[in-house]
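Since the structure comes first, as structure tokens, the remarks are kept for the end.
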Amino acid sequence: KQMTVRDGLNSALDDELARDDRVFLLGEEVAQYDGAYKISRGLWKKYGDKRIIDTPITEMGFAGIAVGAAMAGLRPVCEFMTFNFSMQAIDHIINSAAKTFYMSAGAVNVPIVFRGPNGAASGVAAQHSQCFAAWYAHCPGLKVVSPYDTEDARGLLKSAIRDPDPVVVLENELMYGTAFPIDDKVTDPDFLVPIGKAKIMRPGKDITFVAHSKAVETCLLAAAELAKKGIEAEVINLRSIRPLDMATIFASVRKTHHLVTVENGWPQHGVGAEICARIMEDQTFFELDAPVWRCCGVDVPMPYAKTLEAHALPRVNDLTEAALKVLGGKAGKAVAAAK
Amino acid sequence: KQMTVRDGLNSALDDELARDDRVFLLGEEVAQYDGAYKISRGLWKKYGDKRIIDTPITEMGFAGIAVGAAMAGLRPVCEFMTFNFSMQAIDHIINSAAKTFYMSAGAVNVPIVFRGPNGAASGVAAQHSQCFAAWYAHCPGLKVVSPYDTEDARGLLKSAIRDPDPVVVLENELMYGTAFPIDDKVTDPDFLVPIGKAKIMRPGKDITFVAHSKAVETCLLAAAELAKKGIEAEVINLRSIRPLDMATIFASVRKTHHLVTVENGWPQHGVGAEICARIMEDQTFFELDAPVWRCCGVDVPMPYAKTLEAHALPRVNDLTEAALKVLGGKAGKAVAAAK
Amino acid sequence: YATEATIEVNRPFKLHRLDEGPATTVKLTKDEALKYYTQMQTIRRLETAAGNLYKEKIIRGFCHLYSGQEACAVGMKAAMRDVDNIISAYRVHGWTYLMGVSPIGVLAELTGAQSGCARGKGGSMHMYSPNFFGGNGIVGAQVPLGAGVGLACKYKGNGGMCLALYGDGAANQGQVFEAYNMAYLWKLPVIFVCENNNYGMGTSSERASCNTDYYTRGDALPGIWVDGMDVLAVRSATEFAINYVNTHGPLVMETNTYRYSGHSMSDPGTSYRTREEIQEVRQKRDPITSFKEMCIELGLITTDEVKAIDLKVRKEVDDATAFAKTDAELAVSHLWTDVSSNNLETKIRGTVGYNLDHIQERKGVNH
Amino acid sequence: YATEATIEVNRPFKLHRLDEGPATTVKLTKDEALKYYTQMQTIRRLETAAGNLYKEKIIRGFCHLYSGQEACAVGMKAAMRDVDNIISAYRVHGWTYLMGVSPIGVLAELTGAQSGCARGKGGSMHMYSPNFFGGNGIVGAQVPLGAGVGLACKYKGNGGMCLALYGDGAANQGQVFEAYNMAYLWKLPVIFVCENNNYGMGTSSERASCNTDYYTRGDALPGIWVDGMDVLAVRSATEFAINYVNTHGPLVMETNTYRYSGHSMSDPGTSYRTREEIQEVRQKRDPITSFKEMCIELGLITTDEVKAIDLKVRKEVDDATAFAKTDAELAVSHLWTDVSSNNLETKIRGTVGYNLDHIQERKGVNH
Ligand SMILES: Cc1ncc(C[n+]2csc(CCOP(=O)(O)OP(=O)(O)O)c2C)c(N)n1
Ligand SMILES: Cc1ncc(C[n+]2csc(CCOP(=O)(O)OP(=O)(O)O)c2C)c(N)n1
Ligand SMILES: [Mg+2]
Ligand SMILES: [Mg+2]
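One line per chain: the protein sequences are X, G, P and Z, in this order. Just so you know, the numbering used here puts 120 at position 120 of the first sequence, and the rest follows in order with no gaps. If you count the second sequence from 1, you need to add 1000 to reach the numbering used here. If you count the third sequence from 1, you need to add 2000 to reach the numbering used here. If you count the fourth sequence from 1, you need to add 3000 to reach the numbering used here.
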């Protein structure tokens, strides 16, 4: 059975709207237009004006309204047409949503989901290509998930909606149309993917790739390339950026002794940086046979031109190059053994 | 000669206003009220309404106006009463200021300074205590500086105003009133502190502390404590968060072989995380005798209560504890040698 | 002696896009008179106590006093029903008290002690209670939040509404206009209340607003101007507005008022206005004095009753102050208590490592 | 044949807080007529070319066409002086051309090629030229930016002003109101131009705005409603507005117009409005057809001249299209070229390490 990421998200919304009266969706073009990227297709027809709400193009205002509604007992899902526009509303995400439970000493929790496509799409240039994973995950009080495939998307969004705290769901426009095989259990109305747990997408013993969102795909492709050379790369799909599932990463590194982090966001203070630091601070550090290496988006705003854009994000050969470098002499041995 | 950080900033503004007609200051209460924290004291009287502009409490609007004025040839200094309020305007800092030079292929540079107090002050609770160093430094197209003392404050602000690119100047309210001894050269109208260069505040051979802003003070105090034990800590004041002066850190680590990063911001994807990653990716990594360790703000929103607040940020004994841990057996030896 | 009186509000309401306004002739019972007077006096004394505690350096950080504006809160509260809600900014000690928190709960929060209504974690700007969605330290942020609370009322169909309060300074914030617009489109039961005390910090409303008739700034939203120094006028306007927003949709209400103190404790409040200006308001328009005198004149309250209330209020606040001064702070472990309602972090990072176990004491009201 | 004609604008201006409005009787010379017609036709053809290139997948990402709205840009440009500036949103191919960029500069930018006015780095939404501060991909952001450009004009005392353009959808953004307010307080020479094409993506103005009389939404700021399908009305209003903002301060101008295409290329543009609605505008209000017919009727342009212009424009745009299709992209090293005007990074990080040396080709205009 196959399902696109879009349908995974759409069915997750549908399930949770059906399950809990308090859940509603608001955002630009989510209702009558069926969503700018059609994530909410059919939901307005099914649930009507009360539950699926078109907003004017006023992110700060509608995010604030959504947070207020959550404080007062509803379960809003607030869609940003893309996360780039969440910058207009970021004060409400951080100061109104993330901090309120703590500031109120546990009196007022804020059950809200902020979701939408994050990071680079295709040909949309500098203002529409930013990855917000590291920014949001910097802030306590928020949970941050970043699904890769359909199972992730559906399961994480459903968990996010049921969670009593604010959750940021960073989707990827480029993945919306991709169909992935899914188990029967995934379509179960109570299927959930736990927030804070990573998933091993491909086991391997020689080196670990850890990534989130579309970069997981790059890792899987790179692992396939490396396999041809006799190198078995393990691929970890983070799924959550906050909490970061270090236990899964540590276990993998204890096995492979080599780690490459991969992300499409910018390097400085990024996701990979945090993983490097956590490894350093853990006993697992001593299991490393080589320093951890990062593959990241190039440290520039995203250009429009196709070739430049393609070079702005880590590609398969960047990952294999990094892996070979990290493996050093061992790569040679593995290659030799495979021959 | 002594000068407070406040006077360092005030005189920097005064110098640059006098030097360049295009420079002007805008923000809430900067003119008639002399600045909420009196950084602009006397400047409105001296330069008048044209150059020192009081704004309504509309950060998104006035930051946008400032960026537009910069695009059209002026040199605005945009004060946020605190950087917490910069979240309302962050889209203009990132999308309008940081990305325009690149998006326009080098046609339109944006010479603007965003400045104001950053991070925790005293008793101001969760919404008024956030450190934005890692967020801003995540983004290419921005320069980010974070002065510690008077020399830093004056020299970095002057450099920032003269720079043709957007610069974020993260000050610290708690330091405004602190007087530091200054050299004569510091008061020179052409005194500048280069952006992107760190400063060694105290040389040492056993371990390196690297920090920015008020955390530099904590490091200096911790170094003094360690000195009593015979441990000589080198203290690096980053001064700039972007670019990060890794050369200075590397050189220090090649000497001390031990590194502790210190920051008052949150840990995840923070400044320390980036330094860990950069060390890992450099040959200097092999000079380390122990993993790098981070001291950071506790990973929670800032509480109001005094004791909790005090425990939310790294204190001197946290740093000495971290240093002793990183030094491990060597600490014992140094202590023994000192006896 | 009277048990009820009929009163004309002092200054006429001004209306925007409304054919009819609030009642200008209102009834006041003796019980109500006693209650409003007590409430206003308590707020005044609470603020005086807070100011003193600040000067003693027992309250830290920010401390924004409401003295001079008491009639706004007490008048609105008098009209609110159980289903109604309120959210405001950082000038909320009085509101917190009105919304059910004891003087100890308020003052201990200010001293950062454990009996504070946010256990000392929130401080001056972050107090909450049922139907009170808090103070907020970010100018303007509470306005869309309040519209959201109104949305929840309408969604749940509970007949309630939300008062979203903001200052004349905040009235220029873009998100306020965004909230007006959506509230109008969606007919949300929200009263947008601009407490116009003439200054946003050191900036007079004229220097900050292209139009200082704040009650007209909702554009398509109707508006009412009301004398915010007259508790009965505020009550009447709020009663009208509650009815209006539940039947027609949102409305803007401007309460014309004045703050006696500086903006926060660090502001002497005299560089941008004259001492005479402050004195004149105190003498001619003080909401408590004028109400008291009117009630005495009407025979609704005796001077003895006034004295008794004053004494009682003073004692209550003095006792609360004494308590708040000595009440202990939370133990340090509360630093990592209730960070999330559903904590998923294995360990919370302390200053030097992942060595803290999240403690869950509360789950929050929204389960 | 005439060399000049006197014309009454079609639909009367509507005024807000203005006693007097723009001239309703205007002069049009033959040269002007030829110029406006040529400009409008060029924009229309440029957009048609862009649409086709998009369908051929040579233009990627976003591509927002201006077809139907040509009279707005051409009318405003006709009134602008050398000292005047303009900033708009993402629907700016036409403006880029009017502000001096050649059709090749526009179309090559769209194809991401090196002859593009932003060398292919900006794409559809990020084009710039002298006095043109760009498209902008963030709805509403350009409005305070434009006010800032106006501030710079006033500061420098150069007599210039700035047109800040935004759509009916953007008109609800809070920062637009913030910009109105500050522009008014500071008397900035800014014309806030709301290009009301009735839809923000799939949302009609009625569903997005509490008040769809956008020219009145500046509150204290005066406003003018103008028929945005009538190039002469737009010119007249802009002339009036330029004079007004330089003497009195900011003003809001609403140009009533229509977009023929979908919002961007992925939107067929027919789910939220009927094909008949679009057809009706095309037939009855098309800015180019109506202008052409009027000019012919007045004897200002002959049908032969029209044909000649059409041919010339078609050829110019076809040639530019052909060029833009084959023009090369920048070399990969441009990925790390001109990241900062004053680069201070020792190395720029590539995908796998700090291995890129910043290349400085340009410094930017603001030195
Ligand atoms: C977004 C934001 N900007 C600035 C501040 C700093 N600040 C706090 S209160 C205030 C003045 C607000 O004035 P007004 O809205 O009139 O309320 P009042 O203090 O008179 O009750 C300012 C500028 C803030 N807290 N939040
Ligand atoms: C802040 C922000 N929110 C949302 C978007 C997505 N978006 C781009 S254009 C648009 C519609 C704008 O409509 P309008 O202002 O009427 O301009 P028009 O497209 O009609 O020219 C939207 C929602 C964006 N680019 N920026
Ligand atoms: Mg005020
Ligand atoms: Mg539109």
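A virtual CB, placed ideally from N, CA and C, is assigned to each residue, including glycine.
Closest residue to residue i among the options (Cα-Cα distance)
i: V2352/P; options: G1329/G, A1331/G, D1184/G and A1312/G; result: A1312/G
i: E3280/Z; options: K3030/Z, G3135/Z and G3068/Z; result: G3068/Z
i: V2149/P; options: P2222/P, A2089/P and A2164/P; result: A2164/P
i: A2320/P; options: H2016/P, L2046/P and T2212/P; result: L2046/P
i: T2247/P; options: M2161/P, T2216/P and K2363/P; result: M2161/P
i: F345/X; options: A2050/P, L2151/P, H2126/P and Q2142/P; result: Only positions 1 to 339 of chain X appear in this structure, which leaves residue 345/X out of reach.
i: I275/X; options: A107/X, A211/X, E173/X and P56/X; result: A211/X
i: Y136/X; options: V144/X, N10/X and Q130/X; result: V144/X
i: Y2090/P; options: E2109/P, I2058/P, C2117/P and G2134/P; result: G2134/P
i: L324/X; options: W293/X, G61/X and I52/X; result: W293/X
i: I2086/P; options: I53/X, A72/X, R22/X and C219/X; result: A72/X
i: N2368/P; options: C1295/G, K1306/G and G1332/G; result: In the structure displayed, chain P extends from 2001 to 2367; residue 2368/P sits before or after that span and is not available.
i: E3361/Z; options: K3347/Z, L3335/Z and T3346/Z; result: L3335/Z
i: T2337/P; options: P2250/P, K2363/P and I2191/P; result: K2363/P
i: D49/X; options: T58/X, L192/X, G27/X and A36/X; result: G27/X
i: A2331/P; options: G1141/G, T1320/G, G1061/G and A1310/G; result: A1310/G
For residue j and residue i, believed in contact at Cβ under 8 Å, the rounded distance
i: M302/X; j: A179/X; result: Incorrect: roughly 27 Å between the Cβ atoms, too far for contact.
i: E2004/P; j: L2034/P; result: Their Cβ separation, rounded to whole angstroms, is 13 Å, which puts E2004/P and L2034/P out of contact at 8 Å.
Residue i: contacting residues in chain Z (beta-carbon distance under 8 Å)
i: P314/X; result: T3351 and V3352
Chain X residues whose Cβ lies nearer than 8 Å to that of residue i
i: I3348/Z; result: V298, D299 and V300
i: W984/G; result: Only positions 1001 to 1339 of chain G appear in the structure, and residue 984/G is not among them; the question remains open.
i: V1271/G; result: H269
Chain-ordered neighbours of residue i on chain G, where CB pairs are closer than 7 Å
i: P291/X; result: M1280, E1281 and F1285
Chain G contact residues for residue i, given Cβ-Cβ distances below 9 Å
i: K330/X; result: The premise fails here: K330/X is roughly 17 Å from chain G at the closest Cβ pair, so nothing lies under 9 Å.
Chain X residues whose Cβ lies nearer than 9 Å to that of residue i
i: G3112/Z; result: G123, P303, Y304, A305, K306, T307, L308 and E309
Interface residues of chain Z facing residue i [CB-CB closer than 7 Å]
i: C295/X; result: T3351 and V3352
Chain P residues whose Cβ lies nearer than 8 Å to that of residue i
i: Q1127/G; result: M2125, H2126, N2136, G2137 and I2138
Of all the residues that make up the segment 182-203 of chain X, which are near chain Z by a beta-carbon distance shorter than 9 Å? For the segment 182-203 of chain X, which is checked against every Cβ of chain Z, not one residue is closer than 9 Å.
Output needed in chain order: residues of the segment 1021-1039 of chain G with a Cβ under 9 Å from some Cβ in chain X. Across the segment 1021-1039 of chain G, no CB contact with chain X closer than 9 Å is found for any residue.
For the segment 2170-2198 of chain P, list every residue whose C-beta sits within 9 Å of some C-beta in chain Z, in sequence order. Listed in sequence order: N2172, Q2173, G2174, Q2175, V2176, F2177, E2178, A2179, Y2180, N2181, M2182, A2183, Y2184 and L2185.
Going along the chain, which residues of the segment 50-69 of chain X sit with their C-beta nearer than 8 Å to a C-beta in chain P? Within the segment 50-69 of chain X, the residues whose Cβ lies closer than 8 Å to some Cβ of chain P are K50, I53, T55, P56, T58, M60, G61, F62, A63, G64, I65, A66, V67, G68 and A69, listed in chain order.
Any residues in the segment 3136-3164 of chain Z with a beta carbon nearer than 7 Å to a beta carbon of chain P? Which ones, in chain order? So nothing in the stretch comes that close.
Along the segment 1132-1158 of chain G, what residues have a CB closer than 7 Å to any CB found in chain Z? Those would be P1140, G1141 and K1143, in chain order.
What residues in the segment 3332-3343 of chain Z bring their beta carbon closer than 7 Å to a beta carbon of chain X? Answer in chain order: V3332, H3334, L3335, W3336 and V3339.
Does the count of Cβ pairs from the segment 3299-3318 of chain Z and the segment 3031-3049 of chain Z closer than 8 Å reach three? Taking a cut-off of 8 Å for Cβ pairs, the segment 3299-3318 of chain Z and the segment 3031-3049 of chain Z touch, as three or more such pairs fall below it.
With 8 Å as the limit, tell me which residues of the segment 2244-2271 of chain P have their beta carbon closer than that to any beta carbon of chain G; keep them in chain order. Under the 8 Å Cβ criterion, the segment 2244-2271 of chain P contributes S2271.
Report yes or no: do three or more beta-carbon pairs, one from the segment 2203-2217 of chain P and one from the segment 3235-3246 of chain Z, lie closer than 8 Å? Short answer: they don't touch.
Inter-stretch contact at 8 Å, needing at least 3 Cβ pairs: the segment 1266-1281 of chain G / the segment 1083-1098 of chain G: No: fewer than three Cβ pairs fall under 8 Å.
May I ask you to list, following chain order, the residues of the segment 1070-1102 of chain G that have a beta carbon less than 7 Å from some beta carbon of chain C? Within the model displayed, chain C is absent; protein chains X, G, P and Z are what it includes.
Are there three or more Cβ pairs, one per stretch, closer than 8 Å when the segment 2014-2027 of chain P is compared with the segment 2212-2228 of chain P? The segment 2014-2027 of chain P makes contact with the segment 2212-2228 of chain P: 3 or more CB pairs, one atom from each, lie closer than 8 Å.
Using a Cβ-Cβ cutoff of 9 Å, what residues of the segment 3067-3094 of chain Z are near chain G? List them in chain order. For the segment 3067-3094 of chain Z, residues whose beta-carbon sits nearer than 9 Å to a beta-carbon of chain G comprise N3085 and I3087.
Stretch pair the segment 3113-3124 of chain Z + the segment 1098-1105 of chain G: three plus CB contacts closer than 8 Å: A contact is defined here as three or more CB-CB pairs under 8 Å, and the segment 3113-3124 of chain Z meets this definition with respect to the segment 1098-1105 of chain G.
When you compare the segment 3320-3329 of chain Z with the segment 1170-1185 of chain G, are there three or more beta-carbon pairs, one atom per stretch, that lie closer than 8 Å? The segment 3320-3329 of chain Z is not in contact with the segment 1170-1185 of chain G.
Could you check whether the segment 1182-1193 of chain G touches the segment 1207-1223 of chain G, counting it as contact only if at least three pairs of C-beta atoms, one from each stretch, sit closer than 8 Å? At 8 Å Cβ cutoff, the stretches do not touch.
Counting Cβ pairs, one atom from each stretch, are 3 or more of them under 8 Å apart for the segment 3175-3189 of chain Z and the segment 1062-1069 of chain G? Contact check between the segment 3175-3189 of chain Z and the segment 1062-1069 of chain G: three or more CB pairs, one atom from each, fall below 8 Å, which counts as touching.
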